[in-house]
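Numbering (the working numbering), first residue to last: 27 to 439.
The beta-carbon is built from N, C-alpha and C at its ideal position, and this holds for glycine as well.
In this text, all values refer to a predicted model and were calculated from it rather than measured experimentally.
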Amino acid sequence: MNNPISVNNRTYSWPKKTTIVICLDGSEPGKDGYIEKAIEMGFMPCMKSIIGKGTYEIGKCAMPSFTNVNNLSIVTGTTPDVHGICANFFYNQDEKKETLMNDDSFLRAPTIFEAFEKSGANLAVITAKDKLKKLLGKNLKKSICFSAEKADLANLKDCRIENVLKLVGKPVPEVYSADLSEFIFAAAVKILERGDKIDLMYLSTTDYIQHKCAPGSDIANAFYKMIDGYIEKLLSFGCKVAFTADHGMKAKSNADGTPNVIYLQDLLNKNFPKESCNVICTITDPYVIHHGALGSFVTIYIENKEKINEIKEYIQKIEGIDVALTKEEAVKKLNQPEDRIGDLVVTCKASFALGKGEKDHDLSQLKEPLRSHGGLDETSIPIFISDKLDESYKKKNKLHNYDIFDLALNYDR
Numbered sequence: 027m028n029n030p031i032s033v034n035n036r037t038y039s040w041p042k043k044t045t046i047v048i049c050l051d052g053s054e055p056g057k058d059g060y061i062e063k064a065i066e067m068g069f070m071p072c073m074k075s076i077i078g079k080g081t082y083e084i085g086k087c088a089m090p091s092f093t094n095v096n097n098l099s100i101v102t103g104t105t106p107d108v109h110g111i112c113a114n115f116f117y118n119q120d121e122k123k124e125t126l127m128n129d130d131s132f133l134r135a136p137t138i139f140e141a142f143e144k145s146g147a148n149l150a151v152i153t154a155k156d157k158l159k160k161l162l163g164k165n166l167k168k169s170i171c172f173s174a175e176k177a178d179l180a181n182l183k184d185c186r187i188e189n190v191l192k193l194v195g196k197p198v199p200e201v202y203s204a205d206l207s208e209f210i211f212a213a214a215v216k217i218l219e220r221g222d223k224i225d226l227m228y229l230s231t232t233d234y235i236q237h238k239c240a241p242g243s244d245i246a247n248a249f250y251k252m253i254d255g256y257i258e259k260l261l262s263f264g265c266k267v268a269f270t271a272d273h274g275m276k277a278k279s280n281a282d283g284t285p286n287v288i289y290l291q292d293l294l295n296k297n298f299p300k301e302s303c304n305v306i307c308t309i310t311d312p313y314v315i316h317h318g319a320l321g322s323f324v325t326i327y328i329e330n331k332e333k334i335n336e337i338k339e340y341i342q343k344i345e346g347i348d349v350a351l352t353k354e355e356a357v358k359k360l361n362q363p364e365d366r367i368g369d370l371v372v373t374c375k376a377s378f379a380l381g382k383g384e385k386d387h388d389l390s391q392l393k394e395p396l397r398s399h400g401g402l403d404e405t406s407i408p409i410f411i412s413d414k415l416d417e418s419y420k421k422k423n424k425l426h427n428y429d430i431f432d433l434a435l436n437y438d439r
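In structure tokens, the structure reads:
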């Protein structure tokens, strides 16, 4: 029996069997959630049969409720103030420019994967989007780690696996498709089928479908039916399967289908023209068809520090704004890294989105009414483990997605 692993002030038991943790990107939970509606409508028979035999809860994600932030919270077991990943996109004060936060140099805490690998565990980390590969795979030297988006480029030196397309029997999937997520499940099954000894596996999907479709829609149900089939296959290998989500998802459109957006930069330029306010839309990433860089969380840099509270009070009164926080408040209340956020942090309510200036967003490629995330109203997430846990886990004050490895590894009956 291997010794427990300690990382980031948490201790994890060695997995008794192959344990697969899945991040189902954008899987809004609840009575009208994606999984619940798919089960209700008969599209997830496997989940329906096992959900009562396992452990299912609704918890919260880290803030902001974005993909990179929460994948790194999940795989470090910590919050952004510790691991440092607080956005998809941020204002890099060292370089004085707006920067994608997808390089592993931005990660300040070791991952659970790194700690287990150093102790001799065999791991496989498969992500849909390549933007996460470097962050999830930081300091991994022996573990399989690749993205579906660039599966054709996977090689032994960088990824500890080669000929992935031949192994999976599928071509490189389109980025804007359900196939991108299906590829990672198919790869996981093939890796297990060929007999690789895997102690821990992490699969991270993309939320293309959730940005596109509401729970219970035909396309969403087909997507979760696909996932259900793969969960059944993974369980057939005798694995423990756990899943959570990085964030929820909410509709953010007007009755005519146009995005319901508060363009904060335009408002600040009009009402505080001399204060040099710079609104950073931290959801920004290369995948503009998903959301057009419109989310529910922005950070604002203000040149005249004496105006911070006045501007905060102005923003808080705007219809659709949820909270406006100073840097100090955001660090305390939202566990943000102080040196990577602006003077103000602003979130909006569920049916609204936040933008920079209207001219700064290319919405020409949004084909459906806007659905997005980032705020407090998109923090609810599912937490599922295929085994029934020792109920001592319920003593936790509140469950978060970054508890998923703790729950999956430390609470066996």
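**Asked** Looking at L396 and A379, is the spacing between their C-beta atoms short of 8 Å?
**Response** Stepping through the sequence shown from its first residue, residue 379 is reached at position 353. Stepping through the sequence shown from its first residue, residue 396 is reached at position 370. Between A379 and L396, the C-beta spacing is below 8 Å.
**Asked** In three-state DSSP terms, what is S99?
**Response** Numbered from 1 along the sequence shown, position 73 holds the residue referred to as residue 99. It is helical.
**Asked** If we call anything under 8 Å between Cβ atoms a contact, is E124 one with I306?
**Response** Within the sequence shown, numbered from 1, the residue matching residue 124 stands at position 98. Within the sequence shown, numbered from 1, the residue matching residue 306 stands at position 280. Closer than 8 Å, so yes.
**Contact the segment 286-304 vs the segment 416-427: 3+ CB pairs below 8 Å** = no
**Asked** In whole angstroms, what separates the C-alpha of P197 from that of D244?
**Response** Along the sequence shown, read from residue 1 onward, the residue named residue 197 stands at position 171. Along the sequence shown, read from residue 1 onward, the residue named residue 244 stands at position 218. Each residue's Cα considered, the two are about 25 Å apart.
**Message:** Need the endpoints of the alpha helix (DSSP H) that E200 sits in, please.
**Reply:** Within the sequence shown, numbered from 1, the residue matching residue 200 stands at position 174. It is not in any alpha helix (DSSP H) - E200 carries neither H nor E in the DSSP assignment.
**Request:** Inspect the beta-carbon positions of D51 and S203 and report whether they are closer than 8 Å.
**Result:** The sequence position of residue 51 within the sequence shown is 25, counting from 1. The sequence position of residue 203 within the sequence shown is 177, counting from 1. No; because the gap between Cβ atoms is not below 8 Å, this pair is not in contact.
**Asked** Closest to N28 by CA distance: which of L433, S39 and D233 is it?
**Response** In the sequence shown, counting from the first residue as 1, residue 28 sits at position 2. Ranked by Cα distance from N28, the options L433, S39 and D233 are led by S39.
**Asked** Is the segment 331-346 close to the segment 356-368, with three or more CB pairs under 8 Å?
**Response** no
**Asked** Is the beta carbon of I309 sitting closer than 8 Å to the one on G400?
**Response** In the sequence shown, counting from the first residue as 1, residue 309 sits at position 283. In the sequence shown, counting from the first residue as 1, residue 400 sits at position 374. Their beta carbons are under 8 Å apart, which means I309 touches G400 by this criterion.
**Item:** Range covered by the beta strand (DSSP E) that runs through N118
**Value:** Here residue 118 corresponds to residue number 92 of the sequence shown, with the count starting at 1. F115 to N118 is the extent of the beta strand (DSSP E) around N118.
**Message:** Within a Cβ cutoff of 8 Å, which residues of the same chain sit near E301, ignoring the five residues on either side of it in sequence?
**Reply:** In the sequence shown, counting from the first residue as 1, residue 301 sits at position 275. Within the same chain, L294, I328, E329, N330, K333 and I337 come within 8 Å of E301 by CB-CB distance, once the 5 residues on both sides are set aside.
**Asked** With respect to the beta strand (DSSP E) encompassing M227, which residues constitute its N-terminal and C-terminal limits?
**Response** Translated into positions along the sequence shown, residue 227 becomes position 201. Element bounds for M227: L226 to S230.
**Item:** Alpha carbon of T270 to alpha carbon of D413, nearest angstrom
**Value:** Within the sequence shown, residue 270 is the residue found at index 244, counting from 1. Within the sequence shown, residue 413 is the residue found at index 387, counting from 1. Roughly 14 Å between the two C-alpha positions.
**Request:** Identify whether I187 lies in helix, strand or coil by the three-state DSSP scheme.
**Result:** Taking the first residue of the sequence shown as position 1, residue 187 is located at position 161. Correct three-state label for I187: coil.
**Prompt:** Is the number of C-beta pairs between the segment 56-70 and the segment 383-397 that are closer than 8 Å three or more?
**Reply:** no
**Message:** Quick check: the segment 149-158 against the segment 223-238, are at least 3 beta-carbon pairs closer than 8 Å?
**Reply:** yes
**Item:** Inter-residue Cα distance where the pair is I326 and I111
**Value:** If you number the sequence shown from 1, residue 326 lands on position 300. If you number the sequence shown from 1, residue 111 lands on position 85. Their Cα atoms are separated by approximately 17 Å.
**Request:** Would you list the residues sitting across from T405 in a DSSP beta bridge?
**Result:** By 1-based counting over the sequence shown, the position of residue 405 is 379. When DSSP reads this structure, T405 sits in no beta bridge, so it has no partner.
**Message:** Strictly by DSSP, which residues pair up with R397?
**Reply:** Residue mapping note: residue 397 aligns to position 371 of the sequence shown, counting from 1. Beta-bridge pairing links R397 to A277.
**Cβ-based neighbour list, I235, same chain, cut-off 7 Å, excluding 5 preceding and 5 following** = As a working mapping, residue 235 is identified with position 209 in the sequence shown. Counting only residues of its own chain and dropping the five nearest sequence neighbours on each side, I235 has a CB closer than 7 Å to the CB of A204, I245, A246 and F249.
**Request:** Determine the extent of the beta strand (DSSP E) in which F69 is found, giving its start and end residues.
**Result:** The count along the sequence shown starts at 1 and reaches residue 69 at position 43. Careful: F69 lies outside any beta strand (DSSP E) and carries neither H nor E.
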